[in-house]
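>
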Amino acid sequence: MTSALKPKHQRLVLILVAVAALIAAALLAAWALRNQASYFYVPSDMAANPPEAGQAVRLGGMVEAGSLKTLADGVTIEFVVGDGTARVPVIFSGIVPDLFVEGSGVVAEGSLRPDGTFKADNLLAKHDENYMPRELEDMSAAQKREAVAETQ
Amino acid sequence: MIAEFGLAALWLSAALAGLQLLAGFLGLRQSGSELSALVRPAAVTQALLCALSFGALLLLFARTDLSVALVAKNSHSDKPFIFKLAGAWGNHEGSMLLWVTVMALAGGLIAFLERRLPERTMLATLASQAFVGLGFYAFLLISSNPFERLVPAAAEGAGLNPLLQDIGLALHPPTLYFGYVGLSIAFSFAVGALLTRQVTPDFAKVMRPWVLGAWIFLTLGITAGSYWAYYELGWGGWWFWDPVENASLMPWLAATALLHSVSVLASRDALRAWTIMLGVVAFSMSMIGTFLVRSGILTSVHAFAVDPERGTFILVLLAIYIGGALALFAFRAGTIAEGERFSVLSREGALVVNNVALSAILGIVLLGTLYPLLTEAFDVRVSVGPPYFNPVGAIFFLPMLVVLAIGPLLRWRRDSFARIRLPVIAIAVVGSAVLLAGWLIAGIALMPLLGMSLAAAVAVGSFLPLRGRSLRRLPLPVWGMVIAHFGIAVALFGMAADTAFTREKLVAAQVGETARVGPWSVKLASVDPVAGPNWTALEARLLASYRGGGEHELKPQARSFWTPPQQTSESALLTRWNGQLYAVIGGEAEGGRWQLRLWWKPFVTWIWYGGVLIALGGFLALLGRLSGDLRRRSAQAKIAARRAPETVSEPVEVVA
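Here the protein sequences line up with chains C and W, keeping their order.
Here our numbering is used: the first residue of the first sequence is 30, the next is one more, and so on.
Here our numbering is used: the first residue of the second sequence is 591, the next is one more, and so on.
#1: Where does C:L43 fall in DSSP's three states?
#2: Figure out for me which residue from W:M1085, W:A1046, W:D1088 and W:G1108 has the closest Cα to the Cα of W:L1096.
#3: In the structure shown, what three-state DSSP assignment does C:A137 receive?
#4: Could you work out which residues of chain W lie near C:V46, taking near to mean beta carbons separated by less than 7 Å?
#5: Consult DSSP for C:M91 and reduce its assignment to one of helix, strand or coil.
#6: Under the assumption that W:L648 contacts W:E683 (Cβ atoms under 8 Å), give the Cβ distance between them as a whole number of angstroms.
#7: With respect to the alpha helix (DSSP H) encompassing W:A745, which residues constitute its N-terminal and C-terminal limits?
#8: To which residues of the same chain is W:L868 closer than 7 Å at the C-beta, ignoring the five residues directly before and after it?
#9: Applying the 10 Å Cβ sphere with the 16-neighbour rule, what's the burial state of W:S1006?
#10: Let me make sure I understand the geometry here. Which of W:R1106, W:V801 and W:P841 has the alpha-carbon closest to that of W:R1215?
#11: Just mark C:I124 as buried or exposed, buried being the case when its beta carbon has 16 or more other beta carbons within 10 Å.
#12: Starting from the beta carbon of W:Q1185, find every residue of chain C whose beta carbon is closer than 7 Å, and list them in chain order.
#13: Compute the beta-carbon to beta-carbon distance between W:F873 and W:A776, rounded to the nearest angstrom, for a pair I have assumed lies under 8 Å.
#14: Are any of the Cβ atoms in chain C nearer than 8 Å to that of W:F986?
#15: Measure how close the beta-carbons of W:I866 and W:V789 come, nearest whole angstrom, since I'm counting them as under 8 Å.
#16: Spell out the partners DSSP gives W:H1142 in its beta bridges.
#17: Nearest to W:G1139 by CA position, among W:L642, W:A696 and W:W1110, is which residue?
#18: Which residues does DSSP list as the beta-bridge partners of W:D1118?
#19: Find out if the Cβ-Cβ distance for the pair W:Q1156, W:A1148 is shorter than 8 Å.
#20: What first and last residue would you give for the beta strand (DSSP E) that runs through C:G111?
#21: If the cut is a Cβ gap below 7 Å, which residues of chain C does W:I954 touch?
#22: Check whether the segment 1014-1034 of chain W touches the segment 1056-1066 of chain W, taking contact to mean three or more Cβ pairs, one atom from each stretch, closer than 8 Å.
#23: Keeping to the same chain, check which residues put their C-beta closer than 6 Å to that of W:L639; ignore five residues upstream and five downstream.
#24: With W:F1076 and W:F1091 assumed to form a contact (beta carbons below 8 Å), what rounded beta-carbon distance in angstroms separates them?
#25: If you draw a straight line from the C-alpha of W:A1023 to the C-alpha of W:G1182, how long is it?
#26: Is C:T99 close to chain W? Criterion is C-beta to C-beta, closer than 8 Å.
#27: Kindly list, in the order they appear in chain C, the residues whose Cβ is closer than 9 Å to that of W:P977.
#28: Measure the CB-CB distance between W:E930 and W:R858 and report whether it falls below 8 Å.
#29: So what does DSSP say about W:E1180, is it helix, strand or coil?
#30: Which residues in the same chain as W:G1201 place their Cβ atom closer than 8 Å to its Cβ, once the five residues preceding and following it in sequence are excluded?
#31: Counting only beta-carbon atoms, is W:L941 nearer than 8 Å to chain C?
#32: Grab me the residues of W:F903's own chain with a C-beta within less than 6 Å of its C-beta, minus the 5 sequence neighbours each way, in chain order.
#33: For W:Q1100, does the count of other Cβ atoms within 10 angstroms reach 16, so buried, or fall short, so exposed?
#34: Contact criterion: CB-CB distance below 8 Å. Does W:L882 meet it with respect to chain C?
#35: Nearest-angstrom Cα distance between W:L707 and W:L699?
#36: Among W:V870, W:G997 and W:A909, which one has its Cα closest to the Cα of W:G782?
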């Protein structure tokens, strides 16, 4: 079949097949990215415009002083993440990062539950002076001061 | 002195790269120019000098010379010796020096060894290698000098990120770099062939072993990196779709496609333009990866420097090299003659599917990796993770696996379905049997189920090409293909089994308490303080028993380093043939309890066994190609010797 085609045509067919597959891949990727990318929220965004329950998102802000509680099982913690204007309660089961303490910044990966609690699957805390989640680094200094002042 | 010597050697090798480029370029314009005799010696000397320069840096780190800024910033006299050495490339400047060293060595090796290419293509190739090298020399010397002095010298070094103080660091970056940067040869060959318009099967035969070599290192580097992340991060995962991981996966995907298309070009003289294109794309992906990792755009353990100047520098280099090569391709591709034709149902046809699927996956990974950077320009923060990569990648990966199982059975040029009906039915039966059993009996979720079914199909399919052939006389490259394809099946099975069967347990346990995870019961025997050379730790002693059998000891630690002050968790692993028990100790909970996180991961180790098998397959193929070349070379020498008495030629005078 194809071998009956002229040489020019075979090259054309190959190019068309490759281009079609790549375009299909790009369209698929674009569609999936819109739906599957996980958006970053600070508490005030989350209060104003909450994501759908169950949708994977990330929440960044300051761990409010005095809000951290360990539940009876010894591995589940509850705390509140605030940014000075809004507060979101968070629940997390697992081993917390070493530099996760009250009054410091955190990025929680997870999803919002229907009751308004944020269920975190993973916590990223500032690791050391040189390594911190980008979102915290970029949180404006004023925002950080506000957040800390608010919670002190 | 050593630092100055290293810097001088580096400047000299940069100058030699300039000479190599100039002489190669002039030699190309004026054939027979005496300048072209300079190109090969320049490439070899450049490689030696660059290696000396890197040796000087190693020596500085070995002696912890704190009058050098880089050493003071990244090392410490208390560090174990092996990590002092590894620290040489555990930072931005050192790793870029390793980059140019590998590039120079690669160029030097082709200049020294490769005699089969037409001389003009060789000149163009070495000139191109030098051109790319020059950009990175400039980057190193202008904005990232590794030999910069610190006045006054520091009293003590700042230490190395504890996550990097691991034997994995001693192995993973050099291996990965040999692959990553080794692909620069494919790029230069492609550019060289475009310049001289000589894209022939002979050219492909020359290019193939170099691509194979780089690909083997890349495969091993990714496998080692994945295992390192798995046990060092303590998160129990082996692939996070982290941009840095993607940065190594993308060149691998392109190199894998290139490896297959270069074989088609070598054996069948088809897919000429496409092979050249892939040669350009593969190394472009390495450079994009370097940009992503080194520009500070991403934050991760790998991003040593957050420095906009450096990011811009690499971006400009990227634009010149990738843009230039693609423009050259666009101008010249039309002049590359059409290759041989083939039918859809043929080995070539199957390899085209493989290439298109790999390219599509590459595009998907690339878009997913760059998407957060794109949206950031519009001030929208997103991150892209497994919910995107896994299903979207699978749409192309799964059909590719079907073709992988069947493709090697097909003949070159044209084949008929009737001839391969029996083996195809065998493959289909095995795949469907696993699918049904997994679904009905084990109730496995869709993705891992498909993975397992295809793993079984590929495993059977990978050995079927051996059917009816004498195993003792089978050429090594065929063994290489069989083993590499089988390795894909093994790794895929490991991934699917880990996804489907992993059991996790998170508890706060008293000393003496027992936790159950999967078939294991794990008793917390004690928690004790221990000390290492530059850290202290709390170490849990766990006694684990598999289905009530004998007890095995595991000792996970929570370590505190003091230079720099940082804490890490050292996971403990217990390996059986059918999986790994993975234990991490967390903090102290109320009432004298300790947090423990335990995983039972059935067959997870198969992922890395598979990776090693894939690389081994590549190694066998490389060995086969090289021994074939050697045999041909000695046969040609014999023929030449026999003919010599008839046609005595005057010895050519060599101009020094």
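No residue lacks a Cβ here, since even glycine has one placed at the ideal position from N, Cα and C.
In short:
#1: The residue given as residue 43 of chain C occupies position 14 in the first sequence. Of the three classes helix, strand and coil, the one that applies to C:L43 here is helix, per DSSP.
#2: Position 506 of the second sequence, counted from the start, is the residue given in the question as residue 1096 of chain W. If we check each option's Cα against that of W:L1096, W:G1108 comes out closest.
#3: In the first sequence, counting from the first residue as 1, residue 137 of chain C sits at position 108. Reduced to three states, the DSSP call for C:A137 is strand.
#4: In the first sequence, counting from the first residue as 1, residue 46 of chain C sits at position 17. Those within 7 Å of C:V46 in chain W are V946.
#5: Along the first sequence, read from residue 1 onward, the residue named residue 91 of chain C stands at position 62. In the structure shown, C:M91 sits in a strand (DSSP, three-state: E or B).
#6: As a first step, residue 648 of chain W is located in the second sequence; it is residue number 58 there, counting from the start. As a first step, residue 683 of chain W is located in the second sequence; it is residue number 93 there, counting from the start. Wrong, their Cβ atoms sit about 13 Å apart, outside the cutoff.
#7: Counting from one through the second sequence, the residue named residue 745 of chain W turns up at place 155. Run containing W:A745: none; DSSP gives neither H nor E here.
#8: For the purposes of this step, residue 868 of chain W is taken as residue 278 along the second sequence, with counting starting at 1. For W:L868, same chain residues with a beta-carbon under 7 Å away, outside a window of 5 residues either side, are A844, A847, L848 and S851 in chain order.
#9: Here residue 1006 of chain W refers to the residue found at position 416 of the second sequence. With fewer than 16 other CB atoms across the displayed protein chains lying within 10 angstroms of its CB, W:S1006 is exposed.
#10: For the purposes of this step, residue 1215 of chain W is taken as residue 625 along the second sequence, with counting starting at 1. Out of W:R1106, W:V801 and W:P841, W:V801 has the C-alpha closest to the C-alpha of W:R1215.
#11: Here residue 124 of chain C refers to the residue found at position 95 of the first sequence. Counting other Cβ atoms within 10 Å of its Cβ, C:I124 reaches 16 or more and is therefore classed as buried.
#12: The count along the second sequence starts at 1 and reaches residue 1185 of chain W at position 595. Residues of chain C whose Cβ lies closer than 7 Å to the Cβ of W:Q1185 are, in chain order, G103, V104 and I124.
#13: Taking the second sequence and counting its residues from 1, one reaches residue 873 of chain W at position 283. Taking the second sequence and counting its residues from 1, one reaches residue 776 of chain W at position 186. W:A776 and W:F873 do touch by the CB rule: their CB atoms are close to 6 Å apart, below 8 Å.
#14: Sequence index remark: in the second sequence, residue 986 of chain W carries index 396 (1-based). Interface criterion met: the Cβ of W:F986 is under 8 Å from a Cβ in chain C.
#15: Position 276 of the second sequence holds residue 866 of chain W. Position 199 of the second sequence holds residue 789 of chain W. About 6 Å; that satisfies the 8 Å criterion.
#16: Position 552 of the second sequence, counted from the start, is the residue given in the question as residue 1142 of chain W. DSSP lists W:A1134 as the bridge partner or partners of W:H1142.
#17: The sequence position of residue 1139 of chain W within the second sequence is 549, counting from 1. Closest by alpha carbon: W:W1110.
#18: Mapped onto the second sequence, residue 1118 of chain W falls at position 528. W:D1118 pairs with W:E1129.
#19: By one-based count along the second sequence, residue 1156 of chain W stands at place 566. By one-based count along the second sequence, residue 1148 of chain W stands at place 558. For W:Q1156 and W:A1148, no; Cβs fall outside 8 Å.
#20: For the purposes of this step, residue 111 of chain C is taken as residue 82 along the first sequence, with counting starting at 1. Here the beta strand (DSSP E) through C:G111 covers T105 to G111.
#21: Taking the first residue of the second sequence as position 1, residue 954 of chain W is located at position 364. Here the neighbours are A54 and A58.
#22: no
#23: By one-based count along the second sequence, residue 639 of chain W stands at place 49. Result list for W:L639: A599, L602 and S603, in chain order.
#24: The count along the second sequence starts at 1 and reaches residue 1076 of chain W at position 486. The count along the second sequence starts at 1 and reaches residue 1091 of chain W at position 501. Contact doesn't hold; Cβ gap of about 22 Å is too wide.
#25: Within the second sequence, the letter at position 433 stands for residue 1023 of chain W. Within the second sequence, the letter at position 592 stands for residue 1182 of chain W. Distance from the CA atom of W:A1023 to the CA atom of W:G1182, rounded to whole angstroms, is 51 Å.
#26: What you label residue 99 of chain C is simply residue 70 of the first sequence in a count that begins at 1. Yes, because at least one Cβ of chain W sits closer than 8 Å to the Cβ of C:T99.
#27: Residue 977 of chain W sits at position 387 when you count from the first residue of the second sequence. Within 9 Å Cβ-Cβ: A61, N64, Q65, A66, S67 and A85.
#28: Counting from 1 along the second sequence, the entry for residue 930 of chain W is found at position 340. Counting from 1 along the second sequence, the entry for residue 858 of chain W is found at position 268. Closer than 8 Å, so yes.
#29: Your numbering for residue 1180 of chain W matches position 590 in the second sequence. The answer is helix: DSSP assigns W:E1180 an H, G or I state.
#30: As a working mapping, residue 1201 of chain W is identified with position 611 in the second sequence. Hits under 8 Å: T809, L810, I812, T813, S816, G1077 and A1081.
#31: Within the second sequence, residue 941 of chain W is the residue found at index 351, counting from 1. With 8 Å as the cut-off, W:L941 does not count as an interface residue toward chain C.
#32: Translated into positions along the second sequence, residue 903 of chain W becomes position 313. The residues are F729 and S733.
#33: Along the second sequence, read from residue 1 onward, the residue named residue 1100 of chain W stands at position 510. Exposed, by the Cβ-count rule.
#34: Looking up residue 882 of chain W in the second sequence gives position 292. By this cut-off, W:L882 is not an interface position.
#35: Sequence index remark: in the second sequence, residue 707 of chain W carries index 117 (1-based). Sequence index remark: in the second sequence, residue 699 of chain W carries index 109 (1-based). Their Cα atoms are separated by approximately 14 Å.
#36: Here residue 782 of chain W refers to the residue found at position 192 when the second sequence is read from its first residue. The shortest C-alpha separation from W:G782 is found at W:V870.
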